[in-house]
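K.L.:
Numbering (the numbering used here), first residue to last: 996 to 1072.
The C-beta atom is built at its ideal place from N, Cα and C for all residues, glycine as well.
Here is the structure:
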């Protein structure tokens, strides 16, 4: 999978504000459904785990967040 591809259950950030969903630019959510090529349903939660927004996003409006490096770093001895 290329680094920029978005997949089911990826953590993403919205690149634009979505006032219709009550979201600010940079809001973080999880891809919960692939609706079509390049179109995703993303769920946004509050700190207690309750859904605050659920919306459709095009891939170009999302940034896939990475939690670990692309290749493991080898510790030098």
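Three-state secondary structure (DSSP) at residue 1005?
P.N.:
DSSP places residue 1005 in coil when its eight states are reduced to three.
K.L.:
To the nearest angstrom, how far is the alpha carbon of residue 1033 from that of residue 1062?
P.N.:
Taking the straight line from one Cα to the other gives about 22 Å.
K.L.:
Could you tell me the distance, in whole angstroms, from the CA atom of residue 1065 to the CA atom of residue 1058?
P.N.:
Rounded to whole angstroms, residue 1065 to residue 1058 spans 16 Å at the Cα level.
K.L.:
To the nearest angstrom, how far is it from the Cα of residue 1047 to the Cα of residue 1007?
P.N.:
Each residue's Cα considered, the two are about 15 Å apart.
K.L.:
How many angstroms separate the CA atom of residue 1022 from the CA atom of residue 1036?
P.N.:
Whole-angstrom Cα-Cα distance: 14 Å.
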